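The block underneath contains the structure these notes are about, expressed in structure tokens.
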């Protein structure tokens, strides 16, 4: 704008001092060329600055976007994507902390998985022992039933023997009575 103002002043001075028309036309042509060149130069600078700022923005936002993708993976249950740690600034510290947290989280989940496998194995062993106890108990119940049956049979036989003994005793008493009667008679 300063150059534009200076050229405008020169044209005004040339008009005031009644300079030649050719000089005034030439100054107006130079002013138009200067404005056109300034616009092109400003547009070029704007495009170059825009490209530089875009590249810098991508450079600064890439690590943050990588962290966001890794966090989205964790949210879906994928614990395999650590982020690349290239810097020692605040973003680098954040990346390092994220990788440490991911490693600890993976370790905790691995421990939980190992513990659940051990608990499943223990539950299987308890179930096996429980089945064995039930089988032994069933066998013992079966043996107890056999002993009860044998005892009942022995009781029945004993009752039968007692009844036969009583009958034999009765016969013996009758025989003795008959013998006594026969001796007395």
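Numbering (the working numbering), first residue to last: 986 to 1170.
No residue lacks a Cβ here, since even glycine has one placed at the ideal position from N, Cα and C.
Here the structure is a predicted model, which is why all the values come from computation and not from measurement.
Output the distance between the C-alpha atoms of residue 1140 and residue 1102, rounded to the nearest integer angstrom. Between the C-alpha atoms of residue 1140 and residue 1102 there is a straight-line separation of about 56 angstroms.
Is residue 1055 closer than 8 angstroms to residue 1073 when the C-beta atoms are compared? No; because the gap between Cβ atoms is not below 8 angstroms, this pair is not in contact.
Do the region 1029-1041 and the region 1007-1021 make contact, defined as three or more Cβ pairs closer than 8 angstroms? No: fewer than three Cβ pairs fall under 8 angstroms.
Considering only C-alpha positions, which residue in the set 1028, 1053, 1035 is nearest to residue 1076? Comparing Cα positions, the closest option is 1053.
Are the CB atoms of residue 1060 and residue 1068 within a distance shorter than 8 angstroms? No, the pair does not count as a contact, with Cβ atoms beyond the cut-off.
Collapsed DSSP secondary structure at residue 1071 in the structure displayed: Assignment of residue 1071 by DSSP, reduced to helix, strand and coil, places it in the coil class.
Tell me, to the nearest whole angstrom, how far the beta carbon of residue 1064 is from that of residue 1033; I am working on the premise that it is less than 8 angstroms. Between residue 1033 and residue 1064 the Cβ distance is about 43 angstroms, and since that is not below 8 angstroms, they are no contact.
Can you have a look at residue 1044 and say buried or exposed, based on whether 16 or more other CB atoms are within 10 angstroms of its CB? By the neighbour-count rule (16 or more Cβ atoms within 10 Å), residue 1044 is not buried but exposed.
Could you give the distance in angstroms between the alpha-carbon of residue 1162 and the alpha-carbon of residue 1155? If you take the alpha carbons of residue 1162 and residue 1155, they lie about 10 angstroms apart.
Measure the C-alpha to C-alpha separation of residue 1124 and residue 1117 and round it to an integer number of angstroms. Cα-Cα distance, rounded: 10 angstroms.
Name the two residues that bound the continuous alpha helix (DSSP H) containing residue 1062. For residue 1062, no alpha helix (DSSP H) segment is defined, and its DSSP state is neither H nor E.
Please report how far the alpha carbon of residue 1120 lies from the alpha carbon of residue 1091, in whole angstroms. Those two C-alpha atoms are separated by around 43 angstroms.
Check residue 1066 in the structure and name its three-state DSSP category. Coil, per DSSP.
Return helix, strand or coil for residue 1005, following the three-state DSSP convention. In the three-state scheme derived from DSSP, where H, G and I count as helix and E and B as strand, residue 1005 is classed as coil.
Using the C-alpha atoms, what's the distance from residue 1048 back to residue 1097? When rounded, the distance between both Cα atoms is 31 angstroms.
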